[in-house]
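To start, the structure itself, in structure tokens.
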Amino acid sequence: MLKVNDINVYYGKIHALKGVSLDVKQGEIVALIGANGAGKSTTLKTISGMLRTKTGSISFLDEDISHTEPHKLVARGLAHVPEGRRCFLQMTVLENLEMGAYTDPSNVKAGIEDVFNRFPRLMHRKNQIAGTLSGGEQQMLAMGRALMSRPKLMMLDEPSMGLAPILVEQIFSIIKELNAAGTTVLLVEQNAGMALEIADRAYVLESGRLVLSGTGKELLGSDQIKKAYLGG
Numbered sequence: 002m003l004k005v006n007d008i009n010v011y012y013g014k015i016h017a018l019k020g021v022s023l024d025v026k027q028g029e030i031v032a033l034i035g036a037n038g039a040g041k042s043t044t045l046k047t048i049s050g051m052l053r054t055k056t057g058s059i060s061f062l063d064e065d066i067s068h069t070e071p072h073k074l075v076a077r078g079l080a081h082v083p084e085g086r087r088c089f090l091q092m093t094v095l096e097n098l099e100m101g102a103y104t105d106p107s108n109v110k111a112g113i114e115d116v117f118n119r120f121p122r123l124m125h126r127k128n129q130i131a132g133t134l135s136g137g138e139q140q141m142l143a144m145g146r147a148l149m150s151r152p153k154l155m156m157l158d159e160p161s162m163g164l165a166p167i168l169v170e171q172i173f174s175i176i177k178e179l180n181a182a183g184t185t186v187l188l189v190e191q192n193a194g195m196a197l198e199i200a201d202r203a204y205v206l207e208s209g210r211l212v213l214s215g216t217g218k219e220l221l222g223s224d225q226i227k228k229a230y231l232g233g
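Quick note, the sequence shown lines up with residues 2 to 233 if you use our numbering.
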């Protein structure tokens, strides 16, 4: 479904991604883990068209998207839930969800109904201003807004950041449910243990380079991963 081949990305003179290659197959949950500053968010931003690679290529559903504008990628079925949620804080929950369907306005009513089924808490807060929601509720709203575009692939950047443990478990449970319902997931997450538990496969980024890959179970059992990311 997604193939990233030898991408090199720079912030000015800073070489942020160094020859990164990865792939995501339809139906998978693929995790991308690593320390702060490793290049995880940069990878997602490059895939979704917010940054450009100097080399290599990115293909989605067998089409080269290396130079495709972000809004066109959304219309093709690629959704990106950014780090920090980036909800429209002055708008209501309902208005945020309606914005998520801008590539397919005909989908609004059915899309909102589906989101409320998955996130009942949002239904009870549909007329509430997004900026007054809790962190967990804003994360649900960001995911719900992305679902409004009916994505084939959803990229999630640090969905558990700043959340209480009970909410982290809830968010990861929702990710598994979305995947089981047919959405492919590329997950960037600092909570390496939980990410690897639900991932079919995973990649490890260090200083802009991919240094390890394998199944979620393989990496969970790796002494190197335990020492570096799991506190073992």
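We put the CB at the ideal spot given by N, CA and C, even for glycine. This structure is a prediction, so every number in the text was calculated from the model and none was measured.
Of the candidates Ala143, Leu221, Val75, Ala143 places its Cα closest to the Cα of valine 94. For the segment 33 to 68, the full-length alpha helix (DSSP H) segments reaching 4 residues or more read 41 to 48 along the chain. The beta-carbon distance between methionine 2 and leucine 62, rounded to whole angstroms, is 6 Å. This is short enough to meet the 8 Å contact definition. Across the structure, arginine 53 and tyrosine 204 are spaced so that their CA atoms are roughly 21 Å apart. Between leucine 197 and glycine 217, the C-beta gap is smaller than 8 Å, which places the two residues in contact.
Taking a C-beta distance under 8 Å as the contact criterion, isoleucine 30 and leucine 188 qualify as a contact pair. Distances from the CA of alanine 80 to each of Ala165, Thr185, Asp115 were compared; the closest alpha carbon is that of Thr185.
Leucine 18 is not a Cβ neighbour of glycine 35, given a cutoff of 8 Å. Around the beta carbon of isoleucine 59, a 10 Å sphere encloses 16 or more other beta carbons of the protein chains shown; the residue is thus reported as buried.
Within its own chain, the residues whose Cβ lies closer than 6 Å to the Cβ of arginine 202, once the five positions on either side in sequence are excluded, are Val31, Thr216, listed in chain order. Per DSSP, the beta bridge partners of glutamate 207 are Arg210. Restricted to the segment 146 to 175, the beta strand (DSSP E) segments that are unbroken, complete and at least 3 residues in length are 154 to 158, listed in chain order.
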